[in-house]
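In UniProt numbering, the protein residues as written are 1 to 218.
The structure is reproduced here in structure tokens:
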């Protein structure tokens, strides 16, 4: 048994996001794993199954519960395990509510992948982490300027939208009437623009951009 292994419970009902986070975070878990739950009911069942968890990442919006209300229940199930909010709701009020509920952290789905990984490392080390700390540091000039929105061409946006639907390169080629080689070229350029290295990371960043499929003549 690896005493350094760490397990995370991810409570989020978006399957593609679950897949992307597993690919991004499991390499830092020293042989541990990410268990995914798509609802409050599944989260409680996972905690009661006997597996040891070292961190819970909890979306604010779930099909059967409010995330902050669920956090109270989860803490009764696993006292001492850090519970952090992982949300696409970026308004400051949500961070304030998380702090008032004494969440151990707040991670935004719009964070840079590298910052997200660093935040999870901080939480696994037993320290609190709120992503707006990064923004305050940027505002003070200690970490440079905030990252601008990636500028994708319409063709790149179409490929990324298909990627976020879970389509394979072959299926993207069929959908967009392109060759697979062209799709691979577009994906390479998408990765470069987004500042990522893998398909899963591109999906995760794409989730933050609120894209819609551009028209064919764009």
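For every residue, glycine included, the Cβ atom is placed at its ideal position computed from N, Cα and C.
All figures in this text were calculated on a predicted structure; none of them were measured in a lab.
By the Cβ neighbour-count rule, residue 45 is exposed, with fewer than 16 other Cβ atoms within 10 Å of its own. The beta carbons of residue 175 and residue 167 sit closer together than 8 Å. Pairing residue 27 with residue 110, the inter-Cα distance amounts to about 21 Å. Restricting attention to beta strand (DSSP E) runs no shorter than 3 residues, the UniProt domain "Response regulatory" (7 to 124) encloses them at 8 to 11, 34 to 37, 55 to 58, 83 to 87 and 105 to 108, ordered along the chain.
Excluding its 5 nearest sequence neighbours in each direction, residue 77 has C-beta neighbours in its own chain below 6 Å: 47, listed in chain order. Bridge partners of residue 129 according to DSSP: 105. With respect to residue 25, residue 120 sits close: the two C-beta atoms are nearer than 8 Å. Boundaries of the alpha helix (DSSP H) around residue 182: 180 to 194. Beta-carbon to beta-carbon, residue 194 and residue 205 are separated by about 5 Å, close enough to satisfy the 8 Å threshold. Linking residue 99 to residue 39 through their CA atoms gives a straight-line distance of about 22 Å. Within its own chain, the residues whose Cβ lies closer than 6 Å to the Cβ of residue 208, once the five positions on either side in sequence are excluded, are 109 and 110, listed in chain order. Judged by beta-carbon spacing, residue 57 lies beyond the 8 Å limit of residue 81, meaning their Cβ atoms are not closer than that value. About 11 Å separates the beta carbons of residue 211 and residue 190, which is beyond the 8 Å limit, so they are not a contact pair. Secondary structure at residue 174: helix, using DSSP grouped into helix, strand and coil.
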